[in-house]
Amino acid sequence: MVKGRSKSKASKKGKTPSETTTLNLKQQLAQKRRAQRERREVIQIITMTAAFGAIIGVLLALVVDPKAGAAAVAGLPCLVLSYKYPRKALWAFLIYMPFSGTIIYSIGNSPLLQLAKDGIYIPALIGLIQECKQQRKPIIVAKSLMLPLGILCASSLLTLLFANGAQQLLPPCSDLPGMRRGVTCDDGQPILMGILGLKVFLGYIPLIFCAYYLIRSKKELLFLSRMFTVLAIICCSLAFIQYMMLKTGRCAGTQFREGAALFKASLDARCFVGGSLLYSPQVGQIRLPGTFVAPWQWGWFLISNAFFTFATAFSDPSARWRSVGLGAMASVFVLAVVSGQRIALALVPTVTVILLVLTGQVTNLKRFLPILGGLGLLLGIAATAFPEVVQERIDSFIGRWQAAPADDFILHQFAFTWHRLRGSLIGLGLGRATNSARVFGKTSLVETWFPKVMHEVGPLGLLAFLIFVTGITVLTFKAYRSVKNKDLRSIGASYWVLILF
Numbered sequence: 211m212v213k214g215r216s217k218s219k220a221s222k223k224g225k226t227p228s229e230t231t232t233l234n235l236k237q238q239l240a241q242k243r244r245a246q247r248e249r250r251e252v253i254q255i256i257t258m259t260a261a262f263g264a265i266i267g268v269l270l271a272l273v274v275d276p277k278a279g280a281a282a283v284a285g286l287p288c289l290v291l292s293y294k295y296p297r298k299a300l301w302a303f304l305i306y307m308p309f310s311g312t313i314i315y316s317i318g319n320s321p322l323l324q325l326a327k328d329g330i331y332i333p334a335l336i337g338l339i340q341e342c343k344q345q346r347k348p349i350i351v352a353k354s355l356m357l358p359l360g361i362l363c364a365s366s367l368l369t370l371l372f373a374n375g376a377q378q379l380l381p382p383c384s385d386l387p388g389m390r391r392g393v394t395c396d397d398g399q400p401i402l403m404g405i406l407g408l409k410v411f412l413g414y415i416p417l418i419f420c421a422y423y424l425i426r427s428k429k430e431l432l433f434l435s436r437m438f439t440v441l442a443i444i445c446c447s448l449a450f451i452q453y454m455m456l457k458t459g460r461c462a463g464t465q466f467r468e469g470a471a472l473f474k475a476s477l478d479a480r481c482f483v484g485g486s487l488l489y490s491p492q493v494g495q496i497r498l499p500g501t502f503v504a505p506w507q508w509g510w511f512l513i514s515n516a517f518f519t520f521a522t523a524f525s526d527p528s529a530r531w532r533s534v535g536l537g538a539m540a541s542v543f544v545l546a547v548v549s550g551q552r553i554a555l556a557l558v559p560t561v562t563v564i565l566l567v568l569t570g571q572v573t574n575l576k577r578f579l580p581i582l583g584g585l586g587l588l589l590g591i592a593a594t595a596f597p598e599v600v601q602e603r604i605d606s607f608i609g610r611w612q613a614a615p616a617d618d619f620i621l622h623q624f625a626f627t628w629h630r631l632r633g634s635l636i637g638l639g640l641g642r643a644t645n646s647a648r649v650f651g652k653t654s655l656v657e658t659w660f661p662k663v664m665h666e667v668g669p670l671g672l673l674a675f676l677i678f679v680t681g682i683t684v685l686t687f688k689a690y691r692s693v694k695n696k697d698l699r700s701i702g703a704s705y706w707v708l709i710l711f
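Here is the structure:
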């Protein structure tokens, strides 16, 4: 009896150091075998899909276009690997997005390349859904969003059927010679335009589901925050090189053009990275695209990174990464000035002040004062190095605001949209204000988001969209407020302000 008790007590105390070492060695060997097996699987998948893609690619190159053939060779392995390894594909998707414009225009601006991001995202989404079904995990991760999402989808389908569908039934404009005023005709493929517009409008909502299963631990959340910070530094560095190449004459930009061309962004003026740009400093016109397709996309990238870099600079548990976040914040501020994006110049500092207040970091003097001092020092050095650029950008912003205030511009966009609707509650059709849908017909340029939504899906669709995003805002507020860890809660607060914004 005594021996039995002593054995049970010894077993409860745990394993000896030698047993623990043996167990660790076994775990390491098992991990190595697993890694080798996965590596062999990846090589096998790439080999098989590349061979199959090469066969299809040769046929496409002969029948359609050599670029289509090359896309098939590269695209098929990408599709299969994204489905097989959905989480790794989603990380690749997030890394690829800031550089997509640069990659597209560097290779040749083929329409197929515009779908490259979906070639990663959609198979990864399907693969993650299949994985959740096999493991009996819920697909609907936020049941409270089901009703708002259902209303939004219903209103969008209503527009697709009765706005785009009605336009599809109109006679082609080419069949109506001597067009008379008041006669309505079809100028393209409204249904295809609507499908593409629906994909642009609602196609990335499933990223909510993807993010829920992608970020499963504190380690992955910190990796996400740090990854965004590193991407911000890389993209801002490339954009600064672009600016210096234009400033030193390595790239001409649009400064030697005449007339209206001095004031319009052009793809022909592309320099180093990104797409179309405007660089006519002699008339005070600078709009750089950074690594993106167009200048306005770069502006919103800078604004969004004001949130991401703030989260790292103030909330990362590592002092080293907080320093990296501080450098990233400074780079975002500098590029907001030199890129010529007035909206970024206005909102990046405004967002930072709002974040300081709403996240409570303004009261955390141990972190607030050193970061404020470091940021002020870095920005002071940048302002000293380029004083004329800073003054020019500030004067340009003030002059533009006085000539056309932002609130007047937004109201004008709403008035323009309301006039075009002519009483329609379901809008003019999905895709009618989406630039990428212009291949299927005539589109309108609506430069602000909510007027654009109302232009396409009408007041009913805009109301449904506002209900949906309000539900997301409330849900994420409750989620981050329930977090007990101080650093994670601060990161969550920064991301919630981004959603609120």
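Numbering (the working numbering), first residue to last: 211 to 711.
Where a beta carbon is used, it is the ideal one built from N, C-alpha and C, also for glycine.
Judged by DSSP secondary structure, Tyr489 falls within the beta strand (DSSP E) whose first and last residues are 488 to 490. Val290 is the residue among Val558, Val290, Cys446, Lys353 whose C-alpha sits nearest the C-alpha of Phe262. Across the set Leu431, Ala376, Thr259, the C-alpha of Leu431 shows the shortest separation from the C-alpha of Gly702. Restricting attention to Phe660, Tyr705, Pro669, the CA atom closest to the CA of Ile682 is found in Tyr705. With fewer than 16 other CB atoms across the displayed protein chains lying within 10 angstroms of its CB, Trp659 is exposed. The shortest C-alpha to C-alpha distance from Ala521 to any of Cys461, Ala449, Ala442 is the one to Ala442.
In the structure shown, Pro382 falls within a strand segment according to DSSP collapsed to helix, strand and coil. The alpha helix (DSSP H) runs of length 4 or more contained entirely in the segment 602 to 676 are, from start to end of the chain, 616 to 631. Taking 8 Å as the cut-off, the beta carbon of Phe502 is found no closer than this to the beta carbon of Gly329.
In the three-state DSSP reduction, Val268 falls in the helix class (H, G or I).
With a beta-carbon spacing of about 30 Å, Leu487 and Val707 fall beyond the 8 Å limit used to define contacts.
Contact between Thr627 and Val656 holds: their C-beta atoms lie close to 6 Å from each other, under 8 Å.
Of all C-beta pairs linking the segment 638 to 658 to the segment 340 to 351, fewer than three are shorter than 8 Å, placing the two stretches out of contact.
Val483 carries a strand assignment under DSSP once its states are collapsed to helix, strand and coil. By alpha-carbon distance to Leu456, the top candidate from Leu512, Ser549, Ser525 is Ser549. Remark: C-beta atoms of Ile266 and Ala282 approach each other more closely than 8 Å. Cβ neighbours of Val410 within its own chain (closer than 6 Å, five residues either side excluded): Thr644.
Counted as a single uninterrupted DSSP element, the stretch harbouring Arg426 is not any beta strand (DSSP E), since DSSP gives it neither H nor E.
Counting along the chain, Arg497 sits inside the beta strand (DSSP E) bounded by residues 495 to 497. By the neighbour-count definition (other C-beta atoms within 10 Å, threshold 16), Val273 is an exposed residue. The alpha carbon of Val544 has as its nearest neighbour, out of Arg532, Pro559, Val534, the alpha carbon of Pro559.
Between Lys294 and Gly537, the alpha-carbon positions lie close to 37 Å from each other. For Ile305, the enclosing alpha helix (DSSP H) covers residues 296 to 306.
Secondary structure note for Asn515: its alpha helix (DSSP H) is the uninterrupted segment 505 to 525. When only Cα atoms are considered, Gln507 and Lys428 end up about 30 Å apart. Around the C-beta of Lys662, 16 or more other C-beta atoms lie within 10 Å, and the residue is accordingly described as buried. Counting other Cβ atoms within 10 Å of its Cβ, Glu248 stays below 16 and is therefore classed as exposed. By the neighbour-count criterion, in which 16 or more other beta carbons inside 10 Å mark a residue as buried, Gln551 falls on the buried side. By a beta-carbon distance limit of 8 Å, Pro308 contacts Cys445. Their separation comes to about 5 Å. Just so you know, the alpha carbons of Arg244 and Ile305 end up roughly 26 Å apart. Per the C-alpha coordinates, the member of Ile677, Ala592, Leu512 positioned closest to Gly360 is Ile677. No residue range can be given for Leu477, since it is assigned to no alpha helix (DSSP H) and is classified by DSSP as neither H nor E. Selection Ala449, Tyr453, Leu635, Glu251 evaluated against Leu673 yields Leu635 as nearest (Cα-Cα).
Taking all protein chains in view, the Cβ of Ile350 is surrounded by fewer than 16 other Cβ atoms within 10 Å, so the residue is classified as exposed. The segment 468 to 480 and the segment 493 to 500 touch, with no fewer than 3 CB-CB distances between them shorter than 8 Å.
Of the candidates Ile256, Ala284, Gly375, His665, Ala284 places its Cα closest to the Cα of Val268.
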